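**Student:** Dropping a structure here in structure tokens format, bear with me for questions.
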Amino acid sequence: RYTEAIEECPEKHKEAAIFYNNRATCFFKMGDHDRVVQDCSAALRLDPDYTKCLLRRAQAYEMQKKAADAYDDFQRVVKLDSSNSIALAASRRLEGPAREEREKQKEEMMGKLKDLGNSVLGRFGMSLDNFKTVQDPNTGSYSVSYDPGGGSA
């Protein structure tokens, strides 16, 4: 019935956000966390500060083992309602795992970028290993230098 209500409700109407959230609740009870995230995201596009919906999406993300996404939503709930004990506890619990997940994603992305760079530079007989970066402690900027030996002795 929520699907019918969503279809009948004007697209940008805040009532539609409630219908999406209610349907997400049903999906959550069924264990369909992908559809929970979909419906909560649709509701949040209509009402970005809908804390109940943010909380539900955060819980679905956590069930999907997406610590960083869950942490972000729990943090948003805390910013909107600093007395929400569920979001406060979850934020504390997920802070470390979210940081680790982001670090892992960053390493994977850097690996992919390095592979891409090496595939381009390889055409010229070079590799990213031939380039060294040094950060200036005063400005935080980086300088790049070319070392044809690639740092090997």
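In the numbering used here, the protein residues as written are 1 to 153. Beta carbons are placed, not taken as given, at the ideal position from N, Cα and C, and that holds for glycine. Small disclaimer: the values here were computed from a predicted structure and weren't measured.
#1: For lysine 132, name the three-state secondary structure that DSSP assigns.
#2: Report the residue ranges of all alpha helix (DSSP H) runs contained in full by the segment 21-94; include only those spanning at least 4 residues, in chain order.
#3: How far does the alpha helix (DSSP H) with threonine 3 in it extend, from its first residue to its last?
#4: In angstroms, rounded to a whole number, what distance separates the CA positions of aspartate 115 and leucine 128?
#5: Cα separation between methionine 126 and asparagine 118?
#6: In its own chain, which residues sit with a C-beta less than 6 Å from the C-beta of methionine 63, not counting the 5 before and 5 after it?
#7: For my contact list, alanine 89 and alanine 70 are in at a C-beta cut-off of 8 Å; report their separation, rounded to the angstrom.
#8: For glycine 29, count neighbouring C-beta atoms within 10 Å of its own C-beta (all shown protein chains included) and say buried if the count is 16 or more, exposed if not.
**Tutor:** Let me spell this out:
#1: strand
#2: 33-46, 51-63, 67-80
#3: 2-8
#4: 9 Å
#5: 7 Å
#6: His33
#7: Not quite, the Cβ-Cβ distance comes to about 12 Å (not below 8 Å), so this is no contact.
#8: The question names glycine, yet the displayed sequence has lysine at residue 29. Classification of lysine 29: exposed, given that the 10 Å Cβ count is below 16.
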